[in-house]
Structures are given as C-alpha cells and as structure tokens.
Amino acid sequence: VCGISGKVSVDGRHAAPSRELLAAMVAAIAHRGPDEQGIYRDRRAGLASARLAIVDIAAGQQPMSDASESQWVVFNGEIFNHVELRRELEAAGRVFRTRSDTEVILHAYAAWGLGCFERFNGQWAIALWNRTEHELVLARDPIGICPLYVRQHGGTVWFASEVKALFADPAVPREIDPAGIDQTFTYWAPLAPTTVFSGIDELLPGTCRVYRGSADGVDHTHWRPTFPEAGATAPWSLDEATQLLQERLAEATRLRMTRADVPVGVYLSGGLDSSVIARLARDSAAGEFRTFSVAFDDAEFDERSYQDQMSSMLGSRHHTVVVGRDAIAAAFPDVIRHTERPVLRTAPTPMFLLSRLVRDEGIKAVLTGEGADEMLAGYDIFREARIREFWARRPDSTLRPLLFDRIYPYLARSPALAKGMAHAFWKRGLDRMGQPGSSHEPRWWTTASIKRMFSAEFAASVAAAPPGDPLASLPAEFSSWSSLARAQYLEITTLLAPYLVSSQGDRMMMAHSVEGRFPFLDRNVVDFCNALPPGYKLANLDEKHILKRFATGLVPPAIARRKKQAYRAPDAAAFVTEGGLVDYAEDALSAPSIADTGVFNPTAVAGLVRKARRLGTDGAAAFGNTDNMALVGILSTQLLDRVFETNGHAGAALQMTSAVLRDIDRTDTAT
Amino acid sequence: MTDLQTTEHAIAVRDFIESTVLFGDSNAISDDDSLTETGVLDSTGILEVISFLEHRYSITFDDSDLVASNFDSINRIASFVATKIV
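Here it is in structure tokens:
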C-alpha cells in the first residue's frame, strides 16, 4: 500500500503545481509510504506518490508511465490478480518492462479502458493522467478498502489518499461540513461522497470518476453489492456451497500470503473469522509464520486465552500488545489525526497500537478476518432484524420477543425491567418492518439521540443543508432482495466501508506503514457470499452458518464453539482518572473550547463531563452506552477541530519533511 | 396521595432526567412522552432513575415493580412513586 496525491488543472487554464507543493502534499502522507516518494509534473498536472514497497521492490517505482510517456499513473494498494491479468495482456501482444502490478494497471487501462476496473481483484485507489488526451481518471476498489478524497474547484482537481495531503495546499480551505458531522452521529461515519470537511468529497467505493476538460467529473460505477431475488432457487446445495466457499476463501488467502516480496503476518482476534484465515494462511505458505494480537488489561474485553490456543495450533511466532486505559487515552489524539473524522468508540485505538507493534517487528503486511460478519451475516443486528420481523407479524405477542433471549443470553437472567426495556427498545419501529432501513433503525435512532447535544446554531446549519439519506439512493432492485440481503447491503455500504475498513482499518494500519489484506473481502469471495441464499448464512438464528460448517475442522474446538464476542475497548473510562478527565480531554471539553468549535452545546457537554468525572471516584457511578458514545464522539470532534484547524481559513502549508527520491519534470515538454 | 404530590414527583423526576441524561435540554420531551421510544433512556439510564428514586424517597422497588410500563414516561414514574410512598 502507498499514498497518492495530485493536483491537476483539468481545464488547462492554470499552471502545474510547484514541485514544493507536491512534495508537501506527499510529505503529509509519508507514513503511508515511507520507502520512497516520487513526483511527476507537466504543464497541467502534478502527481505524487509515497510508496510502501511490497511487490517488485526494485522496479515498481511511481509515478510510472507507459512506453510513450503519455499515460501516467499513481497507485495505492494491491491488484492481487496482477499475475493472471499480465498473462492475458501479454498474450494479446503487450510488452512489459517490470513485474510490478503498477505496470499492469497501465496496460489494462490501455487495453480495456474503464472496463479494466471490474477485472481487478484487490484493494486500490488509482489516478491515471493522460498528458496528451488531458484526461484524469480516479478510481477506487469495490469495497472501499483504499481511501481516495477529491476536491474539484475552479477548473482544478485535487486528489489524495488522506485529506491532510489536500490541506497541505494553502489554497484548500479547512472547514467542518455539518452534514458530515450529522451523519457521523447517526451512522458512526460520514457516508461517501460526504466527508466532515466542506468542499471535499470521498470517491464512492466501486466507482471511477473521469475528468475531460472540466472540473465536473463524471462517475461510473464498476461494482456494488448485489443479491439474488428473495426466494430464488439456490444454484448450489448447502454441501456444494460449503465446499466452494472454502475453496474460494483458501485461494483468496493464498493470493494475499504469496503475492508479496516481503513476509506477511496475520492478526488473531481470538474469534472464528481471523482464526480461519490464519489457518488457511498457515496452510498456504512455508516458512516462519507470525501472528499478532491485541489484549486488554480489562478482563471484560480480553480474548487472550483464545488467541493463545490458536497460535499454539499454528505454531506461530506470536506477538501481543497489551492495551490499558492509559494507553488508549495517550494515543487517542494521534488516532483522530489519522481517522480524519470523529469516532464514537475508542476501538480503533488498540488497532493503532497493534500496527505499531507490527511495524516494530519488521512486518509490512497482515491478513485479518475483516468482512466475514458482513458477508456471512455474523452480526447481532441481522439476528435482531430477523426476530423483529417475526414479531412484527404478531406485534401483540408477548412470546415472540422472548426470542431475544436466544441471542442475548443475559436477558434471560435479567430482571423483568431490563427485559421490558430491551423489548420496548426493539418494538419501536416494528410497524415499519419490511420497509428499507428497518433493520438498522434501532441502531441509527440510538446514536442519533446524541444530536440533542448539538448547539442550536449547529443544528440550524444541519437543517439548512440536510445530509444525504442512504435510503434515498438504494439500487432499484433493492426491494426484490431478501430481508437479510437488504440488511447486508446497508451494513456493507453504511458501516463496513465508511467506518470499519477506514477508521478501524486502513487508517490505523497505515499510520504505521502496515498494509491490511482481507481475504473475506476478495472479489470472488464477496460475490459468491452475496449469491448464497439467506438461509445458508443465517440459518434460523445461527449466524455464519456456512462458515462454521467447514471451520470446525480448521480451528480449536473452543474457538469453533464460541459465542461471537463483539470487539470492544474501554470507552469513556479510558479518559477518566481520580482527579477528573485526562488533561487534554478536560481542556478540549471545557465550555470555552466547546463554544469555540461550535458544534455542541457547552451546557450539555458540561453535564456529560460532570457525570463522566464521577466514574473516577464513585465505583457505583453509571455511564450508559449512549453516554459513552456521546463522550467519545464529542471529544473526537473537538480533537478533529484542533488537529485540522477547521476554522474556515486555509492553514499554513505543511513543512516538507520527506526527501523526494524520484522527481520527473516534464514541464518543458509540449504535449 | 394527592395530585399535588404526584406533580411534585414529576418535577423531581424531570429535574433528574434533565440534569443527568439530557444535560440541561428542557425541550427534549414532554411529561407524557415515552422515554424508551424517544431514545431518552437506555438500559443504564433507567437504572440511574431507579437508583435516584430509591435514594430520594427512601423506598425500595420489588422485582415485581420493575416492569417497563411503570417507567415509560415522567408522569408514569411520578404516579408509580406516589403509590410506593403512601
């Protein structure tokens, strides 16, 4: 993985960006590619790349051109099927100069045009600039594993892997977009193309944007999740499908282990998904095998016993970072510098600390189990939706909601009140079951209750320009899908892409120059999972049913039998000490700071902070789920404002800190 | 039990919810709004309310008292408290 950025005068009326500006833009994201940086400039365009060298370390330098030096590319990510694509292109007469996947992109685009993107199996953000055709193409992988941000203004287009590279240009204003903040406090993240910064778009996953002569880009979708019609006949028996899934997953894992010129490690969470991936990875590659885990001082979150069982089975060289509350508080401001958006949980922070350990151990790429819960219906939200749908057919039934005891065993042991409260919570919106979004409304409504703490002025600015509604841009065939498929589509597009693979994935790994690789998000695995009938994934209330059918033989029995445990970390408690909140949090949440940022109501925040302080002195103090999300969300909003100086004015250009190794200057060459 | 007492309880409950759950927002709900449907109280929030009531009025709730319908709005809580302290 690498970082890319650039600035292009697509209408040809402005000069190319200076060498210094391009160097500053790429320096801002040098953590993504510490091995080498390169820039290219001609009369209209400047491209820059920070490279983490994993494939063809010697010859894969960027920016790279075709033989005629007309077509240039900068590229972040991996095309895992580059070997197969290259074979196909060579058979068609194309001659390669390197064995890098970057060159495959150039040839694939020349041969197939925009159609090349649907042939790429991998994770990527790409910028293609043709200096003779004056065409700029920006493209992003199907799921959105690799980030890509764009600003188009006055005939000029800026793009970059992270927003901080755009902010390196003093011409780019830094201002909070209320719509992006509002979405964060509903969906946990802004939904592309919205970001938390005004005037800056995130390119949608599975999309490419083409500029020809004007800064109004035209988007083309090359992939989005699609599912069979509800009740469609299954193309495979359950046994056949089980075998096919295992084969596809093994192949996806093998590609990700072996398509690298550096050793690849594996994350072990202690859960089923990463254990299966680790086992398949172990079976696909010879040599030393390295595994990495997060452990917690807080027993409530710790999964060490399972991680140890799995690493013993694998015989891996296992590394663990033990995370305490103070470590979370200490790292959190850096985490927000990398997420570039508020977060409602501290859970990204341990992933940030884990990638630091991985880098310190000399590993550049790791496999994880990310994606299984979305593709194979592992999350509780899918089971909740199934029970609510069943209940909605007889809403006066008092027996049907008792099914919630099956997915939350603590409810069976809870007093009548807690149970009644839980049932009242899930009953809300029951009359809407079957409508788009009904699977997710309990989560969205709970999160949105934090918006009561917005300041009046901020709430008015949201109302004046309301954020986009994901339910307004659903595919036409959405309503023909099964309820599970509809819920999966929303989970993939509103949480996996905007939050999990970003704030908790790419950003936390790339902060320490580590590339994540996700076999469950392989194109062939995803398309296969989506084609399965819902009952193979969620069999009654048994989640990831098809995965468990073959996982049993691959992992220790205790892991195969385990109830799913959601990955969590200490939230508000991480920031509380006996003397109050940690210093920077007291400061960022003080009434003057809150008023200065303007997003939240100082009185409301003061009440929340008072309540949080009691956690440090009163062992019986209560701080609920909503309170936790509010505190972490408000604190991270405040930190974001400080880190990026989002006061509506452009900031000073960042200092250039990295040495540009590769400097291609074509500004004197007529096109 | 008088209506006046119930009203006083309602004011006390509202003060508590406004200061510890709504953090000063007095317009968020009316005394008859469902506290669960409006998302004002999550499961921890309701336990905070119960703990507050037990301290303030020196009463103890039995398990059989703790059903959601007794706690779903400020007025319902106030009426229920009134039945406990006579």
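These protein sequences, in sequence, are chains P and S. Residues -2 to 668 (the numbering used here) are what the first sequence spells out, left to right. Residues -11 to 74 (the numbering used here) are what the second sequence spells out, left to right. Where is the CB? At the ideal position from N, CA and C, for every residue including glycine.
Simplified DSSP state of residue i, which is helix, strand or coil
i                      : result
residue 572 of chain P : helix
residue 177 of chain P : helix
residue 86 of chain P  : helix
residue 405 of chain P : coil
residue 153 of chain P : strand
residue 204 of chain P : strand
residue -9 of chain S  : helix
residue 194 of chain P : strand
residue 638 of chain P : helix
residue 199 of chain P : strand
residue 259 of chain P : coil
residue 58 of chain S  : helix
residue 629 of chain P : helix
residue 106 of chain P : helix
residue 652 of chain P : The predicted model places residue 652 of chain P with a pLDDT of 46, which falls under 50 and marks its position as unreliable, so this point remains unresolved.
residue 25 of chain S  : coil
residue 6 of chain S   : helix
residue 15 of chain S  : coil
residue 70 of chain P  : strand
residue 646 of chain P : Only weak support exists for where residue 646 of chain P lies, its pLDDT of 45 falling under 50; the value from the coordinates is given anyway. Residue 646 of chain P falls in the coil class under three-state DSSP.
residue 552 of chain P : coil
residue 68 of chain S  : helix
residue 373 of chain P : coil
residue 81 of chain P  : helix
residue 233 of chain P : coil
residue 209 of chain P : strand
residue 125 of chain P : strand
residue 132 of chain P : strand
Reference residue i; option with closest CA among the options
i                      : options                    : result
residue 281 of chain P : P:268, P:262, P:269, P:289 : P:262
residue 291 of chain P : P:8, P:638, P:615, P:566   : P:566
residue 682 of chain P : P:160, P:140, P:338        : Only positions -2 to 668 of chain P appear in this structure, which leaves residue 682 of chain P out of reach.
residue 188 of chain P : P:433, P:496, P:574, P:203 : P:496
residue 604 of chain P : S:46, S:68, S:4            : S:4
residue 580 of chain P : P:490, P:438, P:323        : P:323
residue 635 of chain P : P:98, P:334, P:258         : P:334
residue 405 of chain P : P:391, P:423, P:162        : P:423
residue 54 of chain S  : P:411, P:441, P:56, P:196  : P:411
residue 629 of chain P : P:586, P:616, P:464        : P:586
residue 50 of chain S  : P:111, P:387, P:413, P:632 : P:413
residue 17 of chain P  : P:559, P:45, P:10          : P:45
residue 515 of chain P : P:97, P:271, P:226, P:433  : P:271
residue 142 of chain P : P:395, P:533, P:365, P:343 : P:365
Residues that DSSP places opposite residue i in a beta bridge
i                      : result
residue 120 of chain P : P:75
residue 1 of chain P   : P:46
residue 45 of chain S  : Looking at the DSSP assignment, residue 45 of chain S forms no beta bridge with any residue, so it has no partner.
residue 218 of chain P : P:204
residue 661 of chain P : P:37
residue 226 of chain P : P:478
residue 362 of chain P : P:261, P:512
residue 169 of chain P : Answer is none; residue 169 of chain P lacks a bridge partner.
residue 1 of chain S   : Note: residue 1 of chain S sits in no beta bridge, so no partner.
residue 146 of chain P : P:157, P:199
residue 137 of chain P : P:122
Practice problem: Ignoring anything shorter than 3 residues or poking outside the stretch 265 to 343 of chain P, list the beta strand (DSSP E) runs there in chain order. | Solution: 287 to 293, 314 to 320
Quiz item: Where are the alpha helix (DSSP H) runs, 4 residues long or more, that stay fully inside the stretch 562 to 625 of chain P, in chain order?
Solution: 580 to 585, 588 to 594, 599 to 610
Quiz item: Taking Cβ-Cβ distances below 8 Å as the criterion, which residues of the stretch 600 to 615 of chain P are in contact with chain S?
Solution: 600, 601, 602, 603, 604, 605, 608
Quiz item: Going along the chain, which unbroken runs of the beta strand (DSSP E) with 3 or more residues stay wholly within the stretch 5 to 61 of chain P?
Solution: 33 to 38, 42 to 48
Practice problem: Note down, one range per segment and in chain order, each beta strand (DSSP E) of at least 3 residues found wholly within the stretch 494 to 543 of chain P. | Solution: 512 to 514
Quiz item: What are the complete alpha helix (DSSP H) segments, minimum 4 residues, inside the stretch 405 to 483 of chain P?
Solution: 406 to 409, 413 to 424, 438 to 445, 453 to 461
Quiz item: Just by C-beta distance, which residues in the stretch 436 to 449 of chain P are closer than 8 Å to chain S?
Solution: 442, 443, 445, 446, 449
Self-check item: chain P contacts made by the stretch -5 to 21 of chain S, where a contact means CB separation under 7 Å
Solution: 7, 8, 10, 11, 12, 13, 16
Quiz prompt | Within 8 Å of chain P by C-beta, residues of the stretch 41 to 62 of chain S in sequence order | solution = 51, 52, 54, 55, 56, 57, 59, 60
Quiz item: Listed in chain order, which residues of the stretch 417 to 435 of chain P have Cβ atoms closer than 8 Å to some Cβ of chain S?
Solution: 417, 418, 419, 420, 421, 422, 425
Quiz item: At a Cβ cut of 8 Å, what residues of the stretch 618 to 632 of chain P count as close to chain S, listed as they run along the chain?
Solution: 619, 620, 621, 622, 623, 624
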